[in-house]
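A short write-up of the structure that comes next.
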Amino acid sequence: MGLLLLADATADVVTKHTAADVDYWSLLFVFAMATLLGMGVIERVSRLLHTPLMSLTNAISAIAVVGSIIVTGREDYPLGIRILGFLALFASMTNVVSGFLITDRMLKMFKQPGSGESKR
Numbered sequence: 330m331g332l333l334l335l336a337d338a339t340a341d342v343v344t345k346h347t348a349a350d351v352d353y354w355s356l357l358f359v360f361a362m363a364t365l366l367g368m369g370v371i372e373r374v375s376r377l378l379h380t381p382l383m384s385l386t387n388a389i390s391a392i393a394v395v396g397s398i399i400v401t402g403r404e405d406y407p408l409g410i411r412i413l414g415f416l417a418l419f420a421s422m423t424n425v426v427s428g429f430l431i432t433d434r435m436l437k438m439f440k441q442p443g444s445g446e447s448k449r
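Under the working numbering, think of the first position of the sequence shown as 330, with each following residue one higher.
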C-alpha cells in the first residue's frame with residue numbers, strides 16, 4: 330500500500346512540470362554519459378561474474394516496470410506519453426522474463442547429472 334502511495338505522489342510531482350521546464354540537451358547528456366559509463370563497467374567485469382551481474386539487473390528492470398505502469402495508467406498524460414509508457418512496459422517485462430530464463434539456464438549448467446529430483 331505504501332509503495333502505491335509513493336508512486337502516486339511521485340507521479341503528481343512529475344505532472345506539475347511543463348515541457349518548457351525540461352532541458353532536453355541536459356537529459357541527452359545524462360543519457361549518453363550513463364550509457365558510456367554502463368558500457369565501461371560491464372566490459373571490465375570478469376567472465377565469472379558477468380551472468381550473475383546481468384541477473385541482478387532484473388531489479389532495475391522491475392523499477393522500470395513500476396514506472397511505466399504508472400505512466401501508462403494515468404489518464405491525465407497525453408496519448409503519446411502513454412504509448413511510450415506501454416512500449417517501456419513491454420521492453421522492461423521482456424528484459425525481466427528473459428533475464429530469469431537466462432539465469433535458470435545458467436543454473437542448470439552447474440547441476441551435476443545425478444543430483445536432479447527423483448521422478449515418482
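For glycine and all other residues, C-beta sits at the position ideal for the given N, C-alpha and C.
Here the alpha carbon of ALA363 sits roughly 21 Å from the alpha carbon of LEU378.
Annotation note: the stretch 365 to 440 contains the following uninterrupted alpha helix (DSSP H) runs of length 4 or greater, listed N- to C-terminal: 376 to 402 and 408 to 438. Taking a contact to require three or more Cβ pairs closer than 8 Å, the stretch 384 to 395 and the stretch 415 to 431 qualify as touching. Per DSSP, reduced to three states, the secondary structure at VAL351 is coil, with no helix or strand assignment. Around the C-beta of GLY428, 16 or more other C-beta atoms lie within 10 Å, and the residue is accordingly described as buried. Counting the other CB atoms within 10 Å of its CB gives VAL426 a total below 16, which places it among the exposed residues. Taking C-alpha positions only, ILE371 is separated from VAL351 by approximately 30 Å.
GLY369 sits exposed, since fewer than 16 C-beta atoms from the chains shown fall within 10 Å of its C-beta.
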